[in-house]
Amino acid sequence: MYSLSSSSSNGALRTALPMGVRSMSQWWGHVTEAPKDPILGISEAFKACTHPDKMNLGVGAYRDDNGKPVVLDCVREAEKRIMGNCDMEYLPIGGLSDFCDHSIKLAYGEEAACIAEGRVASLQSLSGTGSCRLMADFMHRFKPEAKIYIPKPTWSNHHTIWKDARVEEALYRYYLPETRGLDFDGLMSDVKDAPKGSFFLLHACAHNPTGVDPTAAQWSEISGVMKEKGHFPFFDMAYQGFASGDCVRDAQAISIFLNDGHELGCSQSYAKNMGLYGQRVGCLSIVTGNKSEASAVGSQLRLLARPTYSNPPVHGARIVSTVLGDAELKAQWYNEVKVMAERIIDMRAKLRASLEASGSTLPWQHVTDQIGMFCFSGMTGEMVDKLAKDHYIFMTRNGRISMAGVTSGTVDRLAKAMHEVTSA
21 MYSLSSSSSN GALRTALPMG VRSMSQWWGH VTEAPKDPIL GISEAFKACT HPDKMNLGVG
81 AYRDDNGKPV VLDCVREAEK RIMGNCDMEY LPIGGLSDFC DHSIKLAYGE EAACIAEGRV
141 ASLQSLSGTG SCRLMADFMH RFKPEAKIYI PKPTWSNHHT IWKDARVEEA LYRYYLPETR
201 GLDFDGLMSD VKDAPKGSFF LLHACAHNPT GVDPTAAQWS EISGVMKEKG HFPFFDMAYQ
261 GFASGDCVRD AQAISIFLND GHELGCSQSY AKNMGLYGQR VGCLSIVTGN KSEASAVGSQ
321 LRLLARPTYS NPPVHGARIV STVLGDAELK AQWYNEVKVM AERIIDMRAK LRASLEASGS
381 TLPWQHVTDQ IGMFCFSGMT GEMVDKLAKD HYIFMTRNGR ISMAGVTSGT VDRLAKAMHE
441 VTSA
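First residue of the sequence shown: 21, per our numbering; consecutive thereafter.
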């Protein structure tokens with residue numbers, strides 16, 4: 021349909037245009053296509069590939085040894101108990117209180133002094149991404165002069181989250197390519213050189229994308245320097261239990277910092293360790309100096325959440341609360357998360373053994389030294405491209421392998437392909 025032509029004040033005839041074109045050009049004609057998310061691009065390439073033996077090692081989601089998604093038995097049992105017994109009413113802005121109580125005990129310890137003293141502000145969030153974003157918004161509002169120090173490298177979304185919250189970012193050294201391990205000296209130097217009162221984003225365990233974690237002794241040194249400098253540690257804990265198979269061990273960094281007297285923040289996600297990817301259930305908590313501070317901080321976090329998403333979804337929080345609130349289900353979950361972690365550890369051992377048996381002269385010890393869902397292989401972007409083109413194996417161009425996508429039936433083919441592209 022076209023608009024009618026009409027005369028302007030000087031008598032010239034305006035050209036007829038399709039209805040709506042003028043308004044679209046006026047308002048949104050300047051908007052360009054956003055760059056594709058790198059993980060989404062991998063998934064699209066994988067779906068477009070028709071080879072029967074294709075492998076998707078880009079997505080960070082657990083698969084069993086048949087390459088199939090997993091719903092934990094404890095989760096299924098929790099769903100049975102919830103089904104037909106709960107309403108669908110809105111949760112409070114801060115979410116399900118039982119869920120938050122169980123979450124902070126999981127993160128800080130059942131007998132943590134900060135919990136007993138009422139010094140922890142917490143609220144249910146939209147998984148780990150939502151927790152990080154709320155923390156970034158909280159920083160922008162109440163510590164606008166502070167920088168967030170982010171490890172190099174890190175999960176790519178970290179950069180976008182703090183940037184969009186208008187928090188200034190700086191990088192600190194973390195990974196040493198030459199050793200495929202931790203750049204501890206560089207990290208410590210950057211912590212010491214950062215302005216007093218800076219914020220540091222720390223991966224509590226199973227660092228993404230490198231799989232490289234500090235030892236307990238190194239965490240203790242990091243904590244000491246941060247305490248001396250007056251820095252605020254913020255832990256992103258997306259893989260508790262999923263790294264070593266032991267939830268207590270995977271939270272040891274936080275325990276070390278608490279024992280040293282830090283106030284700190286923590287983002288928790290139940291996507292990986294409870295398999296609740298699509299439920300978007302997480303918890304943001306901040307350990308403060310006293311009970312009144314915790315009350316004030318909690319109120320401000322809820323104030324930030326209200327215009328963002330009003331209140332969080334209920335189903336996933338009820339599942340987590342049911343599992344963690346029942347001794348038998350909790351014990352079952354501990355066992356199931358241990359099974360998932362051990363399968364990944366086993367795939368690491370098999371991949372390394374197969375690479376070494378292939379005749380490769382490159383060192384592959386880092387495959388088993390690293391921990392968690394991802395292996396930072398050391399392959400270049402060009403090598404990754406060749407894997408996709410010649411072997412139908414897809415992963416991110418930084419060489420990160422999602423070990424959760426490797427199975428007993430595919431590990432040897434992966435090793436053979438990696439040997440081929442790294443030997444060329």
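In this text, a Cβ means the ideal position worked out from N, Cα and C, and glycines have one as well.
Any chance the segment 239 to 246 sits against the segment 273 to 282, with 3 or more Cβ pairs inside 8 angstroms? They touch, by the three-pair rule.
Requested in this report: Quick one: residues in its chain with C-beta nearer than 7 angstroms to the C-beta of Ala325, no 5 flanking neighbours on either side, listed in chain order?
Outcome: Ile113, Leu143, Leu154
Residues near Leu382 by beta carbon distance below 7 angstroms, same chain, minus five either side: Thr442
Fill in: Whole alpha helix (DSSP H) elements within the segment 331 to 377, 4-residue minimum
Fully enclosed alpha helix (DSSP H) runs of 4 or longer: 335 to 344, 347 to 377.
Is DSSP giving Cys395 helix, strand or coil here?
-> Note: Cys395 maps to strand in three-state DSSP.
Problem set entry | Test: Val359 CB closer than 8 angstroms to a CB of chain C | Given the protein chain composition of this structure (a single chain), no chain C is represented.
Element boundaries [alpha helix (DSSP H), containing Asp432]:
431 to 443
- Item | Burial state of Trp384 (16 or more Cβ within 10 Å) | buried
Counting along the chain, where does the alpha helix (DSSP H) carrying Ile113 start and finish?
Ile113 -> no alpha helix (DSSP H), and no H or E assigned at all.
Notebook entry, point to check: Any idea what DSSP makes of Met103, helix, strand or coil?
Noted result: Of the three classes helix, strand and coil, the one that applies to Met103 here is coil, per DSSP.
Over what stretch of residues does the beta strand (DSSP E) that includes Ala190 continue unbroken? 189 to 193 is the span of the beta strand (DSSP E), which, as asked, contains Ala190.
Which whole-angstrom value is the C-beta distance of Ser287 and Gly302, which I expect to be below 8 angstroms? 7 angstroms
Exercise. How about Phe414 and Gly78: are their beta carbons less than 8 angstroms apart?
Worked result: yes
- beta strand (DSSP E) containing Ala141: first to last residue? 140 to 145
Given this structure, state the Cα-to-Cα distance separating Arg368 from Lys212, to the nearest angstrom. 35 angstroms
### Query
Alpha carbon to alpha carbon, what distance is there between Ile339 and Arg101?
9 angstroms
*Reduced DSSP secondary structure (H/G/I, E/B, other) of Lys216*: coil
Worksheet item: Can you give the beta carbon distance from Ser374 to Ala435, rounded, assuming they're within the 8 angstroms contact cut?
Response: 4 angstroms
Once you ignore the five residues that flank Arg193 on each side, which residues in its own chain have a CB closer than 7 angstroms to its CB?
Lys172, Asp203, Gly206, Leu207, Asp210
Helix, strand or coil at His178 [DSSP, three-state]
helix
Requested in this report: Pull up the distance between the alpha-carbon of Val404 and that of His439, whole angstroms please.
Outcome: Pairing Val404 with His439, the inter-Cα distance amounts to about 12 angstroms.
### Which of helix, strand or coil DSSP assigns to Lys311
helix
- Query: Opposite Arg420 in the DSSP bridges: which residues?
  - Reply: Residue pairing by DSSP places Arg420 opposite Phe396 in a beta bridge.
Q. Exposed or buried, which one is Leu183 when buried takes at least 16 other CB atoms within 10 Å?
A. Strictly speaking, residue 183 in this sequence is Lys, with Leu absent from that position. With fewer than 16 other Cβ atoms within 10 Å, it is exposed.
Do you know how far the Cα of Lys311 is from the Cα of Lys88? 46 angstroms
Original post:
If you drop the 5 nearest sequence neighbours on each side, which residues of the same chain put their C-beta closer than 6 angstroms to that of Tyr259?
Top reply: Cys225, Ala226, Lys292, Gly392
Taking 6 angstroms as the limit between beta carbons, can you name the residues of its chain near Cys267, skipping five residues before and five after? Result list for Cys267: Gln260, Gly261, in chain order.
* Asked: Name the DSSP beta bridge partners of Tyr259, please?
  -> Paired residue(s): none; Tyr259 is not in a bridge.
Discussion item. With H, G and I counted as helix, E and B as strand and the rest as coil, what does DSSP make of Lys172?
Written reply: strand
>> Under DSSP, the beta strand (DSSP E) around Cys134 begins and ends at which residues?
In response: No beta strand (DSSP E) holds Cys134; the alpha helix (DSSP H) holding it covers 133 to 136.
Check: Who are the near neighbours of Ala65 in its chain, counting only those whose CB is closer than 8 angstroms to its CB and skipping five residues on each side?
Finding: Ala408, Phe414
Over the uninterrupted beta strand (DSSP E) stretch that includes Ser380, give me the two end residues. Unbroken run through Ser380: none, as it is neither H nor E.
* Asked: What are the partner residues of Gln288, as DSSP defines its beta bridges?
  -> Met257, Cys303
| said: Classify Gly49: buried if its beta carbon has 16 or more other beta carbons within 10 angstroms, exposed otherwise. | reply: exposed
Q | Chain-order list of residues whose beta-carbon lies under 8 angstroms from that of Thr416 (same chain, five-residue window excluded) | A | Pro58, Ile59, Ile62, Gly78, Pro229, Val404
- Query: Any idea if Val334 is buried or exposed, counting beta-carbon neighbours within 10 angstroms, 16 or more meaning buried?
  - Reply: Val334 should be labelled buried.
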